[in-house]
Structures are given as C-alpha cells and as structure tokens.
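What follows is one structure encoded as structure tokens, with my remarks underneath.
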Amino acid sequence: MGARITHTSLAPFGVEVAIDPSSAVTAANKEELRRLYARDGLLVFRGLDLSMEAQCEFCRIFGPVLDSPYENFYVSNAREDGHLGVLELQWHNDVPYLPKPYLAAALHAIDVVPGATSTQFVSGFRAYERLSPALRERISGLNALQVKQRFSDRSNQLADLQPGDLCTVHSVVRQQEGTGRPYLFVNENMTPLIIGLSPAESDALLQELHSALYVRDDVYEHAWYPGDLVLWDNLAVQHARGRISADKRTLQRVSITDLGYAQQYAADLDIRDAYANAALLTPAA
Ligand SMILES: [Fe+2]
C-alpha cells in the first residue's frame, strides 16, 4: 500500500500535489508523480521540510541528481554561501548554453517571508501550441544560438561575450522526452540569434516567438511560503523573477541533470564563482 497522492490543476498550468507524509513512497507512487510532472512540466508541493540531502533524494524520482555544489546550492540574499542575491532575472532556461542543459530544477523555500517574493513560470509547450501553422512550419528545422549569461536582467548579445565564453546551438523547437510533445526553446535572456537568418530577420522572428512565450495571462506566478517546493522542467518551462526587496529569502535549489556544469564547461568555474560573489555583494533595493 503506497502513500495517498492527491492533485489539483494550477492556473494557468502546473499541478499541485499532496502526498500523505505518513506512508512510504512506493514505486507506483513514483510512477504517478512522474506522470503528473510530464503533464505540464511543473509540480508544486507544500508544507515540506527537506534537508539538501532529502531534496536531492526526492528529486531522483524524476531524474539523475549529482552530488555537486555547482548544481545544488542556495538561492539566497541572506546566507553567506547564497547565489543570485537580489538580482532581477529575465525569462530564461537555466544554462541553455551548455550542450546538455539541466533537465529540471527544484526550489524549496526554507527561509522566506510568507508570500513576500515570487518566481514566475511560462510554458514552452503552450507557447508552441499558440503558434500559427505557418509559423510552426517556418521554425521547423531552425536552430538558435544560446550564449553564456553575462547579464541576468537584460538580453545577452554576442558583443557581450568574453574570450572563452561558451555558446551552443540548439533547435528552436525541441520535443519532450517520452511523449515527443514540442516546445519552444528560445529565451529572452540568452538566445541572441537564430542561425541562418539576417540580423533583422532573426530579431523579428525572436520577437514573434517571445510574444507567444511571454503572455501575461499565461504566467504561473508562485508566491513563496515556507515549506513550498516547486519542481519544473528546465527545458520546456522558463522562469523569471523581479528584483528581490529587503525581505530575506532562502530557497534550496537542486538540479536534475546527467552531466554537471563542471563536466561540460570546466574552464568556467572560476568565473562562475566570481559572479556568485558579486551577486551577493549587490546591496538590497
Ligand atoms: Fe534560473
């Protein structure tokens, strides 16, 4: 007999899941959780109290989790070892410029002022489904360049790159593993151009795709309460946040990926550390 799992749909997308904490999670329960996750690529749990180790273990239901401080860390404006302090973050997938970007990510609110800050999510599945048949046809087979993130609060351009910065070409339309469901894979922050088009054509097409992705009424905004955990498909779902106010905020972050950042981009480790520390030093607004 497994744990009792109940779920409700979130608006405009996502699934909120409750698991009876008194029972062990069985193989059948894990299968059910994976099925719910695959539906929209976003799950919300509430009232959890997971250590970093326990969160890593929980995330292994959905895919591989490495034992690595580069993948699993604290998003915090309060902890000394926290990353991304108070910065605004434009719409993005995490590390899209790696050959194998993270499959999924999970944030768990361990120290937050109830309801004071939020993270926003949009669905690349729903954006693709919003495109006209003509536009779907036009982007079929196109590739886009994803570039290293030098700025989190404005679009990164080729001119922003520094020697050694990694860029990777990915398909504009990718498919969900297992179902083949298509989703858009260009983002506001780290996709400066579509390969093979003139700069003007590329900018215009990206603008059209952004219009399908960043639809105000189709954003799931998660206001953080202590104990919340949001797990999302980092490829099909994009996230963003506004600048963080003076309210303290610590989210425990775990990445689901076969390959770590360091394995894919060892040359960048020093730069990444420098960025993390710089972010921490940015004063709260
Ligand atoms: Fe992110």
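Residue numbers (my numbering): 990 to 1274.
Just so you know, even glycine gets a beta-carbon here, dropped at the ideal spot from N, CA and C.
Among the bridge pairs identified by DSSP, H1072 is matched with V1064. Short note on D1083: C-beta closer than 6 Å to some heavy atom of ligand 1. In summary, E1190 is exposed, with fewer than 16 beta-carbon neighbours lying within 10 Å of its beta-carbon over all protein chains present. Taking all protein chains in view, the Cβ of V1158 is surrounded by fewer than 16 other Cβ atoms within 10 Å, so the residue is classified as exposed. Excluding its 5 nearest sequence neighbours in each direction, A1256 has C-beta neighbours in its own chain below 7 Å: G1153, listed in chain order. Here L1147 is exposed: its Cβ has fewer than 16 other Cβ atoms, across all protein chains shown, within 10 Å. F1110 and R1127 have their alpha carbons spaced roughly 26 Å apart. Around the beta carbon of M1179, a 10 Å sphere encloses 16 or more other beta carbons of the protein chains shown; the residue is thus reported as buried.
According to the DSSP assignment, A1098 belongs to the beta strand (DSSP E) that extends over A1093 to V1101. By the Cβ criterion, the segment 1017 to 1035 is in contact with the segment 1212 to 1228, since at least three pairs of Cβ atoms, one from each stretch, lie closer than 8 Å.
Contact between I1233 and N1066 holds: their C-beta atoms lie close to 6 Å from each other, under 8 Å.
DSSP places D1009 in the coil class of the three-state scheme, outside both helix and strand.
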